[in-house]
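In the numbering used here, the protein residues as written are 397 to 909. Beta carbons are placed, not taken as given, at the ideal position from N, Cα and C, and that holds for glycine. See below for the structure under consideration.
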Amino acid sequence: MKPNRRTVLKQGIGLLAASAGAVHVSAAGQSKFPYEEYIKYDGLGLADLVKRGKVTARELLDTAIERIRAVNSKINAVVGDQEDQERLFDLARKEIKRGLPAGPFEGVPFLVKDLGFPMKGVPCRQGCKLYEDYVPESDGPVVRKFKKAGLVLFARTATPALGALPTTESILTGATSTPWDLDRNAGGSSGGTAAAVAAGIAPAGSGTDAGGSIRIPASCCGVFGLKPSRERVPFGLEMMGNLATIHALTRSVRDSAALLDAISYNVRGSTIEPPRNRQPFIVQMKEKPRRLKIALATDSALSDGVHQDCQEAARRAGRLCEQIGHHVEDVTSRYCGMLSWEELRDNWFIVAGAGGALTIDQRLKTLGRELQEDDIEPANRASYEQGKKSLATELARARQFLHDTALLLGEFHQEYDVLLTPTLGQPPVENGLLTAKQVNDDAQIQKFIDFNAFCILANATGQPAMSVPLFWTDDGLPIGVQFIGRYAEEATLFRLAAELEELCPWKDRWPKL
397 MKPNRRTVLK
407 QGIGLLAASA
417 GAVHVSAAGQ
427 SKFPYEEYIK
437 YDGLGLADLV
447 KRGKVTAREL
457 LDTAIERIRA
467 VNSKINAVVG
477 DQEDQERLFD
487 LARKEIKRGL
497 PAGPFEGVPF
507 LVKDLGFPMK
517 GVPCRQGCKL
527 YEDYVPESDG
537 PVVRKFKKAG
547 LVLFARTATP
557 ALGALPTTES
567 ILTGATSTPW
577 DLDRNAGGSS
587 GGTAAAVAAG
597 IAPAGSGTDA
607 GGSIRIPASC
617 CGVFGLKPSR
627 ERVPFGLEMM
637 GNLATIHALT
647 RSVRDSAALL
657 DAISYNVRGS
667 TIEPPRNRQP
677 FIVQMKEKPR
687 RLKIALATDS
697 ALSDGVHQDC
707 QEAARRAGRL
717 CEQIGHHVED
727 VTSRYCGMLS
737 WEELRDNWFI
747 VAGAGGALTI
757 DQRLKTLGRE
767 LQEDDIEPAN
777 RASYEQGKKS
787 LATELARARQ
797 FLHDTALLLG
807 EFHQEYDVLL
817 TPTLGQPPVE
827 NGLLTAKQVN
837 DDAQIQKFID
847 FNAFCILANA
857 TGQPAMSVPL
867 FWTDDGLPIG
877 VQFIGRYAEE
887 ATLFRLAAEL
897 EELCPWKDRW
907 PKL
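Here is the structure:
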């Protein structure tokens, strides 16, 4: 039976209505924040407790560390051996002792993806031996912004080699499982963060997204994940050919909005700069939503067959949108025929491959040596070699195609405010099915595309897109639905997500670990 908005409000299970928690005292007299209380709150809720003196940042950190020790052996979300992990725990304790900034997330434990987020003195291995000895000499700009927001960065999370897969599995760190089924993968490439958030280790953590790497694991793990507009959070023009961006995976919509407020910035001289916000996203999210015209597409011309559960999840999401007053039209046929999807796929691979090859070459230049056989995995090597072969004219042609696709979607969004699709073509896949151990032949590539049949469009065009955890299969597997908005209109997506979160809340759904 569909949830009734009045019943939801009566029961008070909205995220903003959590009651104040209690700090317990152990037999030894040491204060401790119970895990059962910890998971009642999102990040902003925990920060409010810290600001009001109901709990300390150290108590929250200790609870998060205890949760890692309880569940990480099952899901393999947090990377590093015990010594690595303890060293980072100690760094977090020292940050707290020095005093945290009074930011919106003051004292909140936060997870950091082990790719794209350099932290001073902390190994950043990026899922492969090529970076096994990489220890950054300074914090990256987004890491500094996380810290300025008051977040306590205390653990690094798993990623596939170089973040190049829609699953999180590597020779270096092994497979990361979704907490909902330990035989199935958390998705990638931000799967470590997604699995850890879903397992209650922390309310939020960082992610990157060049082809779905925030949205894919959000769907597989039943959490919220939004990919911002291109350059909303600068990531370097050539990082994955300007396909990639940075943000977070969260339990709540409002945490995602507040985090994007905290890390968004502009780089002087950048050739791409989204329009500045008239107000913070966290403020715009609370505004009365206007009625939207939503285009629904349940199939993909890229896939050999979208799973019926994923299609049904998108249809049900459309009905939920209608229930709260939005207009939804099924445009599946138009969507599948609106462009040459094979050309989109091929040109995305050309641009991503060239960007990835540049990243590897920069690392090899720093090391002063050639690429060795075990530096990266077979699929990474195949992509690297193909990227190195790309002619300037091929790359220019590929970029032009992606630009033309963005213009085409711009026209589409003159008619529709939002595009609704399944996030993925399949539910979470079994561990070992999609890895970088296999060379990228056509059959293997098609397996990846069948799984990730909907996400790359928004990376190609630079539009914001989110995966919302609205549905679970009869077997208990989460199925996310994707909403793509106009360029630079993240606020529209946040408002819509907040409506859906109120109507069909997921905050009290936890996997049994």
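Within the segment 729-768, the complete alpha helix (DSSP H) runs of at least 4 residues fall at 737-763. If you look at K447, you'll find it in the alpha helix (DSSP H) that goes G439 to K447. Cβ neighbours of R712 within its own chain (closer than 7 Å, five residues either side excluded): F867.
Membership of D800 in the alpha helix (DSSP H) is indicated by the continuous run A788 to E811.
Between A775 and G637, the CB-CB gap reaches or exceeds 7 Å.
Taken in chain order, the complete beta strand (DSSP E) segments of 3 residues or longer contained in the segment 505-569 are 505-509 and 548-553. Between L896 and V864, the CB-CB gap stays under 7 Å.
Annotation: D700 is outside any alpha helix (DSSP H) and is labelled neither H nor E by DSSP. Sequence-distant partners of D742 (beyond 5 residues in either direction) whose C-beta falls short of 7 Å from its own C-beta are missing from its chain. Across the set A644, T646 and L816, the C-alpha of L816 shows the shortest separation from the C-alpha of L716. Assigned with DSSP and collapsed to three states, R483 falls in helix. In the structure shown, the three-state DSSP call for G881 is strand. DSSP places G621 inside the beta strand (DSSP E), whose first and last residues are F620 to K623. A792 counts as exposed, since fewer than 16 other beta carbons sit within 10 angstroms of its beta carbon. Around the C-beta of Q822, 16 or more other C-beta atoms lie within 10 Å, and the residue is accordingly described as buried.
Between the beta-carbon of P613 and that of L645 there is about 7 Å, and that keeps the pair under the 8 Å contact cut.
Pairing A591 with T563 gives a Cβ-Cβ distance that is not under 7 Å.
Its chain contains K428 and F429 as the residues whose beta carbon lies nearer than 8 Å to that of D458, once the 5 sequence neighbours on both sides are disregarded; these appear in chain order. Close CB contacts of V467 within its chain, under the 6 Å cut and outside five residues either way in sequence, are with A595 and L909 (chain order). A653 and R765 have their C-alpha atoms spaced approximately 43 Å apart. Every beta strand (DSSP E) stretch that sits fully inside the segment 634-707 and reaches 3 residues is listed by chain position as 641-646 and 689-692. The count of Cβ pairs closer than 8 Å, one atom from the segment 686-699 and one from the segment 722-735, reaches three, so the stretches are in contact. Between I772 and H722, the C-beta spacing is not below 7 Å.
Between D510 and Q522, the beta carbon gap of about 6 Å places them in contact (Cβ cut-off 8 Å). In this model, G607 and Q878 are separated by some 13 Å (Cα to Cα).
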